[in-house]
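Below is one structure; the comments refer to it alone.
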Amino acid sequence: MGRRRSGPPRGGRPVKSKPCVFCQENVAYVDYKNYNVLRRFISDRGKVRARRVTGLCPQHQREAASAIKRAREMALLPYVVGR
Amino acid sequence: MLIVIPELDEEQVENTVGRFRTVIERTGGEVREPNHWGRRKLAYEIGHRTDGFYVVMEFTAGERTLVELKRILRVSDDVLRHMVVKLPPSYTHEPLPEPEEVPA
Numbered sequence: 001m002g003r004r005r006s007g008p009p010r011g012g013r014p015v016k017s018k019p020c021v022f023c024q025e026n027v028a029y030v031d032y033k034n035y036n037v038l039r040r041f042i043s044d045r046g047k048v049r050a051r052r053v054t055g056l057c058p059q060h061q062r063e064a065a066s067a068i069k070r071a072r073e074m075a076l077l078p079y080v081v082g083r
Numbered sequence: 084m085l086i087v088i089p090e091l092d093e094e095q096v097e098n099t100v101g102r103f104r105t106v107i108e109r110t111g112g113e114v115r116e117p118n119h120w121g122r123r124k125l126a127y128e129i130g131h132r133t134d135g136f137y138v139v140m141e142f143t144a145g146e147r148t149l150v151e152l153k154r155i156l157r158v159s160d161d162v163l164r165h166m167v168v169k170l171p172p173s174y175t176h177e178p179l180p181e182p183e184e185v186p187a
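Top to bottom, those sequences are chains U and G.
For the first sequence, position 46 matches number 46 in our numbering, and the numbering has no gaps at all.
For the second sequence, position 77 matches number 160 in our numbering, and the numbering has no gaps at all.
This is the structure we're talking about:
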């Protein structure tokens, strides 16, 4: 899963790794009730964004993904946007 | 956390929540003051309804609490959806004295 995490960028512009936002803020628990925060990690179609886009660390990406799924269950976030 | 159907008024929502509160207390759990989010739009339609009352309760559970509570939530017609989540012991920022659970 996390294969392409680090390592030298091959071709193209070098990838700057920015630190994970949750780590920066010392978040111990990604809360599904914070749907506005979670919104930053879904695409405009409602899909979970890839780690390479969100820049989250593996733990937080995983937690964010499950939080998004919980939020969807409670109709705080959509499963599908449009159509 | 639970979603109550929008046809009720505030008071009826209180009553509904009160029922679950009794269940939790009767089975040896402790309930913190429920957090009413009020009426909100749902992100998608559930049973032809586009909004609902959101209520978040945090509680500790006794041995029988979860079985009982889930059963009653499931058969309650005025609950659109519910979710019980185990909170991590580290859960603090809003509330908790000790490890508890949030019916979501």
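Don't be surprised by glycine CBs; every beta carbon is placed ideally from N, CA and C.
TODO: Look at the Cβ atom of U:LYS62, then the Cβ atom of U:TYR32, and state whether they are nearer than 8 Å.
DONE: Contrary to the premise, residue 62 of chain U reads as Arg rather than Lys in this sequence. No, these two residues do not count as a Cβ contact at 8 Å.
Open item on the list: Pop quiz: G:VAL100 and G:PRO89 are said to be a contact at Cβ under 8 Å. What is the actual Cβ separation, rounded to whole angstroms?
Closed with: Wrong, their Cβ atoms sit about 15 Å apart, outside the cutoff.
Open item on the list: Quick check: is the beta carbon of U:ARG70 nearer than 8 Å to any beta carbon in chain G?
Closed with: yes
Task: DSSP state of G:HIS165 mapped onto helix, strand, coil - done: strand
TODO: Using the DSSP secondary-structure output, state which residues sit across from G:VAL87 in a beta bridge.
DONE: G:PHE136, G:VAL162
Task: Cα-Cα separation, G:THR105 to G:MET140 - done: 13 Å
Task: Any chain G beta carbon closer than 8 Å to U:LEU38 - done: no
- [ ] Establish whether the CB of U:ALA28 and some CB of chain G are separated by less than 8 Å.
- [x] yes
- [ ] Return no unless some Cβ of chain G is closer than 8 Å to the Cβ of U:LYS33.
- [x] yes
TODO: Measure from the alpha carbon of G:HIS119 to the alpha carbon of each residue in G:LYS169, G:VAL162, G:MET84, G:PRO171, then state which is nearest.
DONE: G:MET84
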